[in-house]
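Presented below is the structure to which this report refers.
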Amino acid sequence: MNFIIPFLNIIIITISPLLLFKLIFKNIPFNTNNSITILIINIILSLILCYFFGFNMIFATITIVSLNILNYNNVKSANFNIKNFRPIALFLLVLFLYYFIPTLPFLFIEEKASEVTQALAAVIGNYILLIILILIYIKDIKPYIKNFVINYKTYIDIGFHSWSIGLSIMFISNIIIGLLFKQTGANNEEIVQQMINITPFLSLIATSFQAPIIEEIVFRKTIKDMFDNKKLFILISGFIFGLLHVVFSFNNFIDFLYIIPYGALGISFAYMYSKTNNLCVPILFHFIHNFALTIISIIL
1 MNFIIPFLNI IIITISPLLL FKLIFKNIPF NTNNSITILI INIILSLILC
51 YFFGFNMIFA TITIVSLNIL NYNNVKSANF NIKNFRPIAL FLLVLFLYYF
101 IPTLPFLFIE EKASEVTQAL AAVIGNYILL IILILIYIKD IKPYIKNFVI
151 NYKTYIDIGF HSWSIGLSIM FISNIIIGLL FKQTGANNEE IVQQMINITP
201 FLSLIATSFQ APIIEEIVFR KTIKDMFDNK KLFILISGFI FGLLHVVFSF
251 NNFIDFLYII PYGALGISFA YMYSKTNNLC VPILFHFIHN FALTIISIIL
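Written as structure tokens, this is what we have:
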């Protein structure tokens with residue numbers, strides 16, 4: 001009987017996003033082939049989400065709906081082709097690697113290892129992930145670098161303008177949330193600050209050098225490859241970026257509100273990528289952003 005509740009959770013997490021998606025896009029012509037394929041993909045995704053996130057209904061539903069919206073142009077086509085789901089399959093693979101690979105070094109250390117040892121294990125795990133992601137996208141990364149070297153002045157102008165707006169919205173929304181709900185900051189920020197206090201050098205490596213490249217590939221590159229609608233890409237990329245920065249550290253609804261500042265920053269990175277079609281631009285400004293904040297945190 002113990003399997004009944006998990007089984008029901010899988011059914012709910014699988015079906016509810018499909019129903020919600022159908023309500024949002026009422027006029028999409030579904031035929032037998034694409035309906036079955038979409039259902040299978042949602043079942044597989046539901047199982048993955050249930051395994052990693054403990055049947056988190058909110059997170060699973062939001063993620064599946066987001067992926068269906070991302071694939072809107074493919075889904076609405078009556079001439080459905082399974083090959084159109086290759087970008088989504090790649091996104092799911094990268095998302096799996098994003099959560100799984102960094103945990104591997106922890107298998108080789110004791111549970112009661114020191115915080116410095118744990119931080120070092122995290123850095124090593126991220127380096128392994130970084131190498132794998134670069135190998136997956138090496139054919140795209142080389143042209144990005146060459147193109148950036150040629151057009152760096154224009155790209156930096158576009159990136160700085162977008163980042164300034166995103167940073168301003170992030171700063172203002174943080175203040176508003178803090179004043180309205182007497183919050184000192186997002187739980188995610190407090191966790192990062194604790195890590196900086198314990199291992200400042202390793203934290204600088206993780207937040208300033210590893211995170212920008214890894215997160216821009218995961219939250220920008222893979223998502224942009226799924227569809228051609230630039231506005232939808234920018235919004236969904238920012239939303240998922242914001243969601244995954246708060247979903248594992250929120251204790252109440254107020255903590256969830258911090259998806260707004262994180263999402264604003266994610267939108268600014270997505271915009272500069274969409275505008276320049278060069279992943280080096282958001283990576284650069286993501287690095288500048290994280291590096292500046294980490295240095296300030298270390299000094300203060």
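Counting from 1, one number per residue, gives the positions in the sequence shown under this note's numbering.
A virtual CB, placed ideally from N, CA and C, is assigned to each residue, including glycine.
Since we're looking at a predicted model, the values are computed, not measured.
Do the region 275-292 and the region 155-174 meet, that is, are 3 or more Cβ pairs less than 8 Å apart? yes
Just verifying my parser: in three-state terms, what is the DSSP assignment at proline 277? Your numbering for residue 277 matches position 277 in the sequence shown. Before going on, a small fix: residue 277 reads as asparagine here, not proline. It is coil, neither helix nor strand.
Look at histidine 245 and tyrosine 262 and say whether their C-beta atoms are less than 7 Å apart. Walking along the sequence shown from the start, residue 245 turns up at place 245. Walking along the sequence shown from the start, residue 262 turns up at place 262. Contact flag set, yes.
By the 10 Å Cβ neighbour count, where 16 or more other Cβ atoms means buried, how is lysine 143 classified, buried or exposed? For this step, residue 143 is matched to residue 143 along the sequence shown. Per the sequence shown, residue 143 should be read as proline rather than lysine. Exposed.
So, helix, strand or coil for glutamine 210, using DSSP? Taking the sequence shown and counting its residues from 1, the one referred to as residue 210 is at position 210. It is helical.
Return the CA-CA distance between arginine 86 and phenylalanine 181, expressed in angstroms with no decimal places. What you label residue 86 is simply residue 86 of the sequence shown in a count that begins at 1. What you label residue 181 is simply residue 181 of the sequence shown in a count that begins at 1. The alpha-carbon atoms of arginine 86 and phenylalanine 181 are separated by roughly 43 Å.
With three or more beta-carbon pairs closer than 8 Å as the criterion, would you say the region 188-196 touches the region 219-237? no
Pairwise C-alpha distance: serine 203 and glycine 266: Translated into positions along the sequence shown, residue 266 becomes position 266. Translated into positions along the sequence shown, residue 203 becomes position 203. Taking the straight line from one Cα to the other gives about 21 Å.
Give me the Cα-Cα distance between methionine 1 and phenylalanine 100, rounded to the nearest whole angstrom. Within the sequence shown, numbered from 1, the residue matching residue 1 stands at position 1. Within the sequence shown, numbered from 1, the residue matching residue 100 stands at position 100. Because methionine 1 sits at a pLDDT of 41, beneath the cut-off of 50, its placement in the model cannot be relied upon, and the following sentence gives the value as read from the coordinates. Straight-line Cα distance between these residues: approximately 30 Å.
I need the DSSP call for lysine 146, collapsed to helix, strand or coil. Counting from one through the sequence shown, the residue named residue 146 turns up at place 146. Note: lysine 146 maps to helix in three-state DSSP.
Which listed residue (Ala270, Asn197, Pro212, Ile196) has its alpha carbon closest to that of aspartate 225: Counting from 1 along the sequence shown, the entry for residue 225 is found at position 225. With distances taken between Cα atoms, aspartate 225 lies closest to Ala270.
Asparagine 79, DSSP secondary structure in three states: The residue given as residue 79 occupies position 79 in the sequence shown. With a pLDDT of 47 at asparagine 79, under the threshold of 50, the modelled position of this residue cannot be trusted; read the value that follows with caution. In this structure, asparagine 79 counts as coil in the three-state DSSP scheme.
Could you tell me whether the Cβ atoms of glutamate 216 and histidine 161 are closer together than 7 Å? Along the sequence shown, one-based indexing puts residue 216 at 216. Along the sequence shown, one-based indexing puts residue 161 at 161. No. Outside cutoff.
In whole angstroms, give me the CA-to-CA distance for valine 94 and alanine 264. Stepping through the sequence shown from its first residue, residue 94 is reached at position 94. Stepping through the sequence shown from its first residue, residue 264 is reached at position 264. Answer to the nearest angstrom: the Cα atoms are 23 Å apart.
Would you kindly report the start and end of the unbroken alpha helix (DSSP H) that includes glutamate 115? Your numbering for residue 115 matches position 115 in the sequence shown. That run of the alpha helix (DSSP H) goes 115-136.
Just to confirm before moving on: does the CB-CB distance between isoleucine 109 and alanine 119 stay below 7 Å? As a working mapping, residue 109 is identified with position 109 in the sequence shown. As a working mapping, residue 119 is identified with position 119 in the sequence shown. Their beta carbons are not under 7 Å apart, which means isoleucine 109 does not touch alanine 119 by this criterion.
Is the separation between the beta-carbon of glycine 259 and that of glycine 242 shorter than 7 Å? The residue labelled residue 259 in the question sits at position 259 within the sequence shown. The residue labelled residue 242 in the question sits at position 242 within the sequence shown. Note that residue 259 is isoleucine in the sequence shown, not glycine. Cβ atoms of isoleucine 259 and glycine 242: closer than 7 Å.
Where does isoleucine 296 land, buried or exposed, given buried means 16+ other C-beta within 10 angstroms? The residue given as residue 296 occupies position 296 in the sequence shown. Isoleucine 296 is exposed by the Cβ-count criterion.
What does the alpha-carbon distance come out to for the pair methionine 272 and serine 168? The residue you call residue 272 lines up with position 272 of the sequence shown. The residue you call residue 168 lines up with position 168 of the sequence shown. If I take the Cα positions, the gap works out to 16 Å.
Would you mind reading off the limits of the alpha helix (DSSP H) that contains arginine 86? Within the sequence shown, residue 86 is the residue found at index 86, counting from 1. Start and end: 86-100.
Backbone secondary structure at tyrosine 271 - three-state DSSP: Numbered from its first residue, the sequence shown carries residue 271 at position 271. Note: tyrosine 271 maps to helix in three-state DSSP.
Using CA atoms only, rank isn't needed, just tell me which of Ser114, Ile88, Tyr98, Ile128 is closest to proline 105. Position 105 of the sequence shown, counting from 1, holds the residue named residue 105. It is Ile128.
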